[in-house]
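**Student:** Quick one: the structure is below, and I'll ask about it shortly.
Residue numbers (this note's numbering): -7 to 861.
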């Protein structure tokens, strides 16, 4: 037998599951190595199938249907497949000799969003125990001495694909997991090179192709892809309480497994356990004992892993850079305190792949599952909009409807893999960015008292800025049929998704209604690998850039791709699937007795309002984290910057802003007053009974012009409480007045004053408000709340500080025409209609006519600055 040797290197974490649906498959505990890729038939892992080459049918016969045979079929068809693999054997073993099995496992978690509410769906999350990105495995392939020249060449091309990193192993292939590459030793490389050079002709599959999109995006807007771990129960002081519950449940399962393993029957086990394993009730004796001994060991492995992993998470969130600043009452100083409520996503890996002995570290990244989920949600929205609500999910979670094929073909469905793999997104220039995250604090205000709601404070760390938060990823589109009209329509849908991504319409992560996640993605390079010269010509590539492995290769920039015949035909095929005169109707649903508008489409009023915020009396929004100045303590105006003063930009280079949640809070308050509701149906809510994402997104209001000055604001003061009554509910309001005499311009060092930097009268900020799926009435009222209203915000509202005026800038405001965007004459149709001053005036007047007169007069008194037009 001939031998090829090398190393398999993981470009991403990998997950190869077992019956637990969580654990990475392990070899027997008695084996020397604690983890092993299930590659060799001789391995103890052969019970779950030889993942590289063959499995077994119901009769125990070999079936060559695994990863390499699938690749063989893609490249060469099925001719000669069984004969080719019959005498080939692959063995993979873990390279690192240590026996500390937990040292190379991370926990990858994901959630599913409810399409109507766009919030997390219950009991639809997953947890994968993955082997570290960068892990190396010893690879050995045995081939027969008499292998034919034709099979030599085929084997060389198959391994060439793994060498190039176009090979995926295990679960979650389309979600950033399982990508690996092969690094052969020098002798094996020479052998493959020689095999490729032989003149034996091969017949390739002309429909096989791989198109890779190199994608880059920067945190030009704030971005928070929240870590699903490290959550602290503030009352119980417990990190990730769900782990305690999971461990308790697993321990109960293990006790039942031990009973069956000991007795060989299901006597004395819990009824629920017996029902769960009802298919095995007829088994007896050693077979049953063996199965449940293994199950018990799996339970023990998972318990040990969760306990160890929680220790790693606890250590990470306790690091200095992940803890917020609070007042230490003993030292009367602002110091690092508890960990932030939300921090950015990270994965566990070795500090150095070359020398794992150096220990572990956490790497910032965005999971491929997050990217895939965002693209899929957008794709479903587009199709539901154009097809007038044709998509549905059945009781088993399968997408149905006339247009479900496009989604299922592109993103996959149960039992059928997707044709596009979304890679994890990593920082383009890996470095320690933990001290460069920006921070934000927010607090919920009780509208009746005007005071903070106890226990409703939230703080977070988020990414902002091109440097260092520039991410890159690669998407692989595999074996799309460019001659099939249905597949052309799928490519047409993908082209619209890329266009929406470029225009910032596919948000990632959390806080999407508070100005975060609305990033713009750019496709940097497109690489086409095909067996068909004609396909390259359709892409506008007259002569290929060369050859790669067995492929004809072409490289094109995305702007040229959009002009190619392939894209033009795809757009036409997509358009032909729909009626040009559709009139989408808003889809409503009921949640806990509340009638709400579904997010599962783009209906009725969608657009963006460009707004100006002008300061009428000095405005202070306290900076997040540590005060920028001491002796005495002085608080700067809020800026999008790190919480530690040592890591903030110099004063003249800070990006001052009014946080999005501040603006959204005052808007929601006024909207609630004029509607007599709590604004939940428009702005969203999170309650024990359920949650619903709002239909407006307010950006941070960045400082544009004006001056800042220092003011000293007294700690204690007494003012008369004033309210507006709307539909039987009182709302606390703060009248607009000039500054009280107790507020001192300049610095007063007395301990009864807080020294704050304020934006002066005349300072200007600007922000945008995106909205979608609004009824005409909701749109009119939102416009009225935004255009010409005077609001109180920030510190010292009762002392005359914080008066502001918000106005709409029609020239930069738009309404989206989705029919025109997706079904227009060409792919460059933006689908944008400008908003006019007349539109704003009409919307405002219709709202005035609907508001109760007493409420309206109260609003004029309290939401209008004296002598301010």
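No residue lacks a Cβ here, since even glycine has one placed at the ideal position from N, Cα and C.
#1: Where does residue 194 land, buried or exposed, given buried means 16+ other C-beta within 10 angstroms?
#2: Look up residue 757 in the DSSP assignment and give the residues it is bridged to.
#3: Can you tell me the Cα-Cα spacing of residue 449 and residue 435, whole angstroms?
#4: Whole beta strand (DSSP E) runs in the stretch 640 to 722 with 3 or more residues, listed along the chain?
#5: Starting from residue 411 and walking both ways along the alpha helix (DSSP H), at which residues does that stretch end?
#6: Below 8 Å on the Cβ atoms is my contact criterion, and I expect residue 595 with residue 578 to pass it. Report the Cβ-Cβ distance as a whole number of Å.
#7: Using the C-alpha atoms, what's the distance from residue 465 back to residue 293?
#8: Could you say which of 660, 478, 842 and 209 lies nearest to residue 516 if we only look at CA atoms?
#9: Is residue 625 closer than 9 Å to residue 634 when the C-beta atoms are compared?
#10: Beta-carbon within less than 7 Å of residue 89's beta-carbon, same chain only, minus the 5 sequence neighbours each way: which residues are those?
#11: With three or more C-beta pairs closer than 8 Å as the rule, is the stretch 752 to 762 touching the stretch 712 to 725?
#12: If you check the beta carbons only, do residue 505 and residue 656 fall under 9 Å apart?
#13: Write down every uninterrupted run of the alpha helix (DSSP H) in the stretch 275 to 343 whose length is 4 residues or greater and which is fully enclosed by it, in chain order.
#14: Would DSSP call residue 845 helix, strand or coil?
#15: Just tell me which of 217, 189 and 494 has its CA closest to the CA of residue 542.
#16: Do you know offhand how far residue 828's Cα is from residue 805's?
#17: Return the CA-CA distance between residue 357 and residue 412, expressed in angstroms with no decimal places.
#18: Starting from the C-beta of residue 492, find all residues in its chain whose C-beta is less than 7 Å away, skip the five residues before and the five after it, and write them out in chain order.
#19: Counting pairs of Cβ atoms below 8 Å between the stretch 303 to 321 and the stretch 272 to 290, do you hit three or more?
#20: Locate the alpha helix (DSSP H) running through residue 396, then write down its first and last residues.
#21: Under 9 Å between the Cβ atoms of residue 494 and residue 463?
#22: For residue 303, which of 98, 487, 406 and 157 has the nearest alpha-carbon?
#23: Is it the case that the Cβ atoms of residue 609 and residue 852 are separated by a distance below 9 Å?
#24: Specify the secondary structure class of residue 141 as computed by DSSP and reduced to three states.
#25: State the Cα-Cα distance for the pair residue 669 and residue 675, rounded to the nearest angstrom.
#26: Apply the 10 Å Cβ neighbour rule to residue 251 and answer buried if 16 or more other Cβ atoms are within range, or exposed otherwise.
#27: Compare the beta carbon distance of residue 175 and residue -2 with 9 Å and say whether it is the shorter of the two.
#28: Residue 149: which of 749, 68 and 820 sits nearest, CA to CA?
#29: Judging by CA-CA distance, which residue of 141, 650, 682 and 364 is the nearest neighbour of residue 690?
#30: Tell me the residue span of the beta strand (DSSP E) that contains residue 492.
#31: Kindly indicate the opening and closing residues of the beta strand (DSSP E) around residue 454.
#32: Would you mind sorting residue 837 into buried or exposed? The rule is 16 or more other CB atoms within 10 Å of its CB.
#33: Return the bridge partner residues of residue 586 from the DSSP annotation.
#34: According to DSSP, simplified to helix, strand and coil, what is residue 599?
#35: Bridge partners for residue 119 per DSSP, in chain order?
#36: Based on the DSSP secondary-structure assignment, which residues constitute the bridge partners of residue 810?
**Tutor:** Answer, in terms of the structure:
#1: exposed
#2: 605 and 695
#3: 4 Å
#4: 676 to 679, 682 to 685, 688 to 690, 693 to 697, 700 to 706 and 714 to 718
#5: Neither: residue 411 is in no alpha helix (DSSP H) and is coded neither H nor E.
#6: 5 Å
#7: 33 Å
#8: 209
#9: no
#10: Because residue 89 carries a pLDDT of 43, less than 50, the predicted location of this residue cannot be relied on, and no value is offered for it.
#11: no
#12: yes
#13: 277 to 309
#14: helix
#15: 189
#16: 8 Å
#17: 20 Å
#18: 370 and 498
#19: no
#20: 396 to 403
#21: no
#22: 98
#23: no
#24: helix
#25: 11 Å
#26: buried
#27: yes
#28: 68
#29: 650
#30: No beta strand (DSSP E) holds residue 492; the alpha helix (DSSP H) holding it covers 477 to 494.
#31: 444 to 470
#32: exposed
#33: 583
#34: strand
#35: 101
#36: DSSP lists no partner for residue 810.
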